[in-house]
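What follows is a short report on a single structure.
Residue numbers (the numbering used here): 33 to 753.
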């Protein structure tokens with residue numbers, strides 16, 4: 033539709049175009065999520081499985097620290113000397129000096145006087161060094177510990193060393209002292225790691241983590257599949273919906289807004305399904321599971337870990353509250369800056385022509401400074417999040433280690449419990465951050481889904497499945513009659529078309545002229561059934577357009593607009609667009625007729641050259657290509673809406689001759705502001721304020737010296753002379 037026909041329309045909504053993102057809260061979070069879940073119903077099996085896999089993977093991960101604690105205890109136990117065997121050996125050796133053994137030894141008649149004297153000195157002083165070697169050798173006997181025989185001579189050699197071993201606390205000294213002991217004693221006292229048990233627990237942990245990874249991987253595969261398929265479903269559904277929307281929807285909504293819904297909003301939904309939903313489930317499972325396991329293991333350590341973690345989260349949420357407004361401000365200021373840049377670059381020639389560089393630069397610097405300020409504050413505060421999380425985690429680790437050390441010293445817990453709690457602190461604190469991020473993502477997703485669902489809920493074109501009538505191209509005679517047509521755009525108080533009646537006979541060339549806003553293009557849109565008329569009727573060969581489908585009506589018309597549209601593809605593809613059985617010769621003949629053949633020959637690949645919006649194809653050349661596209665379609669009716677507005681005068685003459693050929697045998701409607709292009713029209717309808725005020729041929733209207741004559745003379749009075 034030409035711009036000059038839109039002054040009566042509702043102003044499209046702005047502000048949701050691509051690149052103008054940012055956090056947007058939903059109008060109704062609960063309803064939006066509920067609607068989203070309904071749309072996901074087709075994927076519910078995969079979603080449930082994915083969330084179940086995420087929960088199972090988290091549950092398995094929660095159980096791992098318990099076995100990690102056992103593994104630590106086994107390893108730490110293997111690093112200590114065997115205190116039980118040490119005690120057993122020392123006890124046996126001390127028992128050798130018992131009073132009973134000494135009395136028995138004194139009863140030995142073969143005992144020398146010197147030996148008897150050493151025994152008496154030992155009894156009086158308690159000093160074993162007073163005993164003679166002979167007495168000591170007679171007191172000690174061989175005994176067995178864990179299947180190892182501890183000989184008397186080894187006991188005699190290591191007596192003093194064993195006694196000192198009990199009082200040594202330094203690990204290095206313990207091991208150096210053990211090296212002085214005989215092999216028999218060293219074998220039963222030195223540290224011994226239970227490799228079999230360690231291997232068993234290690235394999236079990238590996239299997240546990242592997243199974244957890246499998247479930248996590250399965251969840252990722254399922255959710256990626258769901259998110260991509262769901263996004264494809266939404267895009268397909270929107271594409272189908274757009275084809276069922278009336279033209280008034282596109283008049284009342286900015287194109288950027290619609291593109292943003294199809295791209296950005298659907299991507300937001302897909303991203304949340306892929307990441308946030310499963311993350312939320314696994315985070316909640318980890319949080320609850322870690323809390324339960326901590327209290328189950330040791331409530332004192334659990335309280336320590338939770339309090340220290342929550343202390344950090346208080347600061348984190350304070351920072352989040354402060355930074356959110358700066359993030360919002362950054363998005364707004366960034367949108368203002370981008371809008372200013374787009375505006376300046378789109379009108380760069382005007383800016384230079386009016387020497388407006390300094391003014392533009394000043395505004396740019398102002399917008400840029402605002403973005404810098406908002407970005408600096410938001411990034412600074414958000415930058416505190418990472419070190420704050422690190423501080424919070426380290427605070428939890430330190431607290432757990434200190435309290436755990438105290439409890440270990442008092443014998444309430446083992447060293448392995450401390451190791452397990454260090455893991456639990458991570459499993460407890462990390463989900464809180466993930467839950468906060470997931471909830472933020474869900475807010476954005478709810479807002480995005482509302483915008484997508486708004487399209488789904490838009491009123492559609494009337495259902496035409498019950499219409500069975502169909503006009504075949506070969507049977508069309510070409511008569512069109514407007515009977516008292518009335519039409520008002522939504523939101524407008526005054527009608528754009530009122531009481532319009534006219535008849536276009538087969539093969540006639542009907543021109544529609546009038547000032548801006550007279551309703552010329554609106555009349556054509558009603559004829560094409562882009563809009564439904566409020567009252568009256570339009571008849572095609574005596575059949576009401578209400579009794580014909582839009583698809584059928586569109587097949588009957590060739591339409592060439594002033595707004596050129598070319599897609600990225602070859603020249604030939606753009607001309608043949610949606611037509612079948614068109615050969616190269618037909619395309620070339622049409623292009624020769626229009627006068628665009630010479631331009632096409634200058635291109636590197638000729639008719640197979642690829643064109644796009646970035647190519648240096650002038651507006652006039654684009655217009656000629658769209659005219660050629662219209663000519664390739666052999667339809668009984670032709671609509672030309674300012675089709676020659678973008679071509680020069682010389683080219684216009686060529687196109688006009690082509691149009692004369694094109695309109696032969698066809699009923700044509702020509703909307704034109706250049707009145708010179710419609711001199712040979714069979715009927716000229718002069719419109720003003722939605723109604724026909726004059727009609728006739730060019731000569732007849734000039735003779736009337738009315739509204740048309742004034743329009744014509746204002747354009748051509750100097751030229752005709």
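Note that the Cβ used here is the ideal one computed from N, Cα and C, for glycine as well.
Distance CB(residue 112)-CB(residue 223) smaller than 7 Å: As a working note, residue 112 is residue 80 in the chain shown. As a working note, residue 223 is residue 191 in the chain shown. The Cβ-Cβ distance between residue 112 and residue 223 falls below 7 Å.
On the DSSP bridge assignment, give the partners of residue 600 in chain order. To locate residue 600, count along the chain shown from 1; it is residue 568. BP columns for residue 600 are empty, so no partner.
Hey, how far is the Cα of residue 497 from the Cα of residue 81? Within the chain shown, the letter at position 465 stands for residue 497. Within the chain shown, the letter at position 49 stands for residue 81. In this structure, the CA atom of residue 497 is about 40 Å from the CA atom of residue 81.
Counted within 10 angstroms of its Cβ, other Cβ atoms place residue 548 as buried (16 or more) or exposed: As a first step, residue 548 must be located in the chain shown, where it is residue number 516. Residue 548 should be labelled exposed.
Own chain, CB closer than 8 Å to residue 144, minus 5 neighbours either side, in chain order: Residue 144 sits at position 112 when you count from the first residue of the chain shown. For residue 144, where only same-chain residues beyond five positions count, the Cβ hits under 8 Å are 166.
Where residue 721 falls: helix, strand or coil (DSSP): In the chain shown, counting from the first residue as 1, residue 721 sits at position 689. Coil at residue 721, not helix or strand.
State the Cα-Cα distance for the pair residue 461 and residue 94, rounded to the nearest angstrom. The sequence position of residue 461 within the chain shown is 429, counting from 1. The sequence position of residue 94 within the chain shown is 62, counting from 1. If you take the alpha carbons of residue 461 and residue 94, they lie about 13 Å apart.
How far does the alpha helix (DSSP H) with residue 657 in it extend, from its first residue to its last? Sequence index remark: in the chain shown, residue 657 carries index 625 (1-based). Taken as a continuous stretch (DSSP letters only), the alpha helix (DSSP H) holding residue 657 covers 651 to 664.
Would the segment 241 to 260 count as touching the segment 67 to 87 if we require 3 or more Cβ pairs under 8 Å? These segments touch.
Beta-carbon proximity check, residue 481 vs residue 64, cutoff 7 Å: Stepping through the chain shown from its first residue, residue 481 is reached at position 449. Stepping through the chain shown from its first residue, residue 64 is reached at position 32. In contact: residue 481 and residue 64 (Cβ atoms closer than 7 Å).
Check this for me: beta carbons of residue 710 and residue 494, under 7 Å apart or not? Sequence index remark: in the chain shown, residue 710 carries index 678 (1-based). Sequence index remark: in the chain shown, residue 494 carries index 462 (1-based). Judged by their CB atoms, residue 710 and residue 494 are not nearer to each other than the 7 Å cut-off.
Measure the C-alpha to C-alpha separation of residue 329 and residue 291 and round it to an integer number of angstroms. On the chain shown, position 297 is the one that residue 329 refers to. On the chain shown, position 259 is the one that residue 291 refers to. One C-alpha to the other measures close to 54 Å.
Beta carbon of residue 569 nearer than 7 Å to that of residue 502: Within the chain shown, the letter at position 537 stands for residue 569. Within the chain shown, the letter at position 470 stands for residue 502. Contact flag unset, no.
Can residue 718 and residue 545 be called in contact, C-beta distance under 7 Å? Position 686 of the chain shown holds residue 718. Position 513 of the chain shown holds residue 545. Yes.
Apply the 10 Å Cβ neighbour rule to residue 787 and answer buried if 16 or more other Cβ atoms are within range, or exposed otherwise. The structure shown does not extend to residue 787, since the chain is modelled only from 33 to 753, so the question has no answer here.
Any idea what DSSP makes of residue 71, helix, strand or coil? For the purposes of this step, residue 71 is taken as residue 39 along the chain shown, with counting starting at 1. Helix at residue 71.
Taking the alpha helix (DSSP H) that residue 699 falls in, what are its first and last residues? One-based indexing of the chain shown puts residue 699 at position 667. Segment 699 to 703 is the beta strand (DSSP E) holding residue 699; no alpha helix (DSSP H) there.
Going by DSSP, name the residue or residues bridged to residue 797. Beyond the ends of the chain as shown, which are 33 and 753, falls residue 797; an answer cannot be given.
In chain order, what residues of the same chain have a beta carbon less than 7 Å from the beta carbon of residue 428, not counting five sequence neighbours either side? In the chain shown, counting from the first residue as 1, residue 428 sits at position 396. Cβ within range, chain order: 337, 340, 341, 457, 461.
State the start and end residues of the unbroken alpha helix (DSSP H) segment that holds residue 568. In the chain shown, counting from the first residue as 1, residue 568 sits at position 536. Taken as a continuous stretch (DSSP letters only), residue 568 belongs to no alpha helix (DSSP H), being part of the beta strand (DSSP E) at 567 to 572.
Is there contact between the segment 613 to 621 and the segment 522 to 539, where contact requires at least three CB pairs shorter than 8 Å? Three or more Cβ pairs closer than 8 Å define a contact, and the segment 613 to 621 falls short of that threshold against the segment 522 to 539.
Report the three-state DSSP secondary structure of residue 466 (helix, strand or coil). To locate residue 466, count along the chain shown from 1; it is residue 434. The answer is helix: DSSP assigns residue 466 an H, G or I state.
Tell me whether the beta-carbon of residue 276 lies closer than 7 Å to the beta-carbon of residue 492. The residue you call residue 276 lines up with position 244 of the chain shown. The residue you call residue 492 lines up with position 460 of the chain shown. Using a Cβ distance threshold of 7 Å, residue 276 and residue 492 count as a contacting pair.
Spatially closest choice to residue 107 from 229, 124, 127, by CA coordinates: Residue mapping note: residue 107 aligns to position 75 of the chain shown, counting from 1. The shortest C-alpha separation from residue 107 is found at 229.
Own chain partners of residue 193 with C-beta closer than 7 Å, once the 5 adjacent residues on each side are dropped: Translated into positions along the chain shown, residue 193 becomes position 161. Taking residue 193 as the centre and dropping the five residues before and after it, the same chain places the C-beta of 209, 212, 213 closer than 7 Å to its C-beta, in chain order.
Taking all protein chains shown into account, do 16 or more other C-beta atoms lie within 10 angstroms of the C-beta of residue 9, making it buried, or fewer, making it exposed? Lying outside 33 to 753, the shown extent of the chain, residue 9 is not represented and no answer is given.
Taking 6 Å as the limit between beta carbons, can you name the residues of its chain near residue 571, skipping five residues before and five after? Locating residue 571 in the chain shown gives position 539, counting from the first residue. Hits under 6 Å: 513.
Is the distance from the Cβ of residue 180 to the Cβ of residue 119 below 7 Å? Numbered from 1 along the chain shown, position 148 holds the residue referred to as residue 180. Numbered from 1 along the chain shown, position 87 holds the residue referred to as residue 119. In this structure, residue 180 lies away from residue 119, with their beta-carbon atoms at least 7 Å apart.
N-terminal and C-terminal residue of the alpha helix (DSSP H) that residue 670 is part of: Walking along the chain shown from the start, residue 670 turns up at place 638. Looking at the DSSP string, residue 670 is not in any alpha helix (DSSP H); the run it does join, the beta strand (DSSP E), is 669 to 673.
Mapping the DSSP letters down to three states, classify residue 644 as helix, strand or coil. Indexing the chain shown from 1 puts residue 644 at position 612. Here residue 644 sits in coil by DSSP.
Determine which residues share a DSSP beta bridge with residue 187 and list them. Translated into the one-based positions of the chain shown, residue 187 becomes position 155. Looking at the DSSP assignment, residue 187 forms no beta bridge with any residue, so it has no partner.
Could you compute how far the alpha carbon of residue 320 sits from the alpha carbon of residue 413? Walking along the chain shown from the start, residue 320 turns up at place 288. Walking along the chain shown from the start, residue 413 turns up at place 381. Using only the alpha carbons, I get a separation of about 29 Å.
Residue range of the beta strand (DSSP E) that residue 545 falls in? The residue given as residue 545 occupies position 513 in the chain shown. Per DSSP, residue 545 is one residue of the beta strand (DSSP E) stretching across 541 to 545.
Proximity to residue 262 [Cα-Cα], best of 136, 74, 477, 243: Here residue 262 is taken as the residue at index 230 of the chain shown, counted from 1. Selected option, being the one with the closest Cα: 74.
Quick one: give me the first and last residue of the alpha helix (DSSP H) that residue 182 is part of. Taking the first residue of the chain shown as position 1, residue 182 is located at position 150. Residue 182: not part of any alpha helix (DSSP H); member of the beta strand (DSSP E) spanning 180 to 182, first to last residue.
Could you give the residue range of the alpha helix (DSSP H) that holds residue 560? Counted from its first residue, the chain shown places residue 560 at position 528. Careful: residue 560 lies outside any alpha helix (DSSP H) and carries neither H nor E.
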